[in-house]
Each structure stands twice: as structure tokens, then as C-alpha cells.
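Residue numbers (full-length UniProt numbering): 1 to 81.
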């Protein structure tokens, strides 16, 4: 299957001379949604804040058959497989 996803890395990993922890964050959309729902929040999550010692690296896949991802073509193959 062709799975479309967004992989957004932090804009900076050092802020004011301090190295930030990079935390992975998996965003999974609901039904019948898509990763378009996350487009406005991803920049906020990947931009360091002065009051935090961490920043997120975001991965947001379009689930098979939704959004921009290809759907299953075999009968009986659902989103769980």
C-alpha cells in the first residue's frame, strides 16, 4: 500500500544555548478524518518554546483508505491489517 504521511522535524534543537530533548509524537487521525486536521498544529509542536526543555518530532500517517493513502485492494483486508 502507498501510505502518505507527514514527518516534521523540529525547527531547532538548541534554544538559548541549551540542547532540547526531541520527543517523537505519533498523531493518528480519527474516522473519517485525515492528516489535514493536523496541519495547523504541527508547526506549534515542532517549534521550541522558551519555557520548555523539549520539542516534538511529529509523524502523522494517513491511515490506509483515508486522506491521501491508498486503500486495500484485497477483499477482507481492513485498516487493522
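Ideal Cβ placement from N, Cα and C applies to all residues, glycine included.
Under the three-state reduction of DSSP output, residue 23 falls in the strand class. Put simply, of 70, 62 and 12 the residue whose alpha carbon is nearest the alpha carbon of residue 26 is 62. Apart from the 5 residues on each side of it in sequence, residue 37 sits with its Cβ closer than 8 Å to the Cβ of 29 in its chain, given in chain order. The Cβ-Cβ distance between residue 47 and residue 11 falls below 7 Å.
Exclusion of the five residues before and after residue 59 leaves 7 and 26 as the residues of its chain whose Cβ lies within less than 6 Å of its Cβ.
Annotation: residue 24 to residue 3 spans about 19 Å, alpha carbon to alpha carbon.
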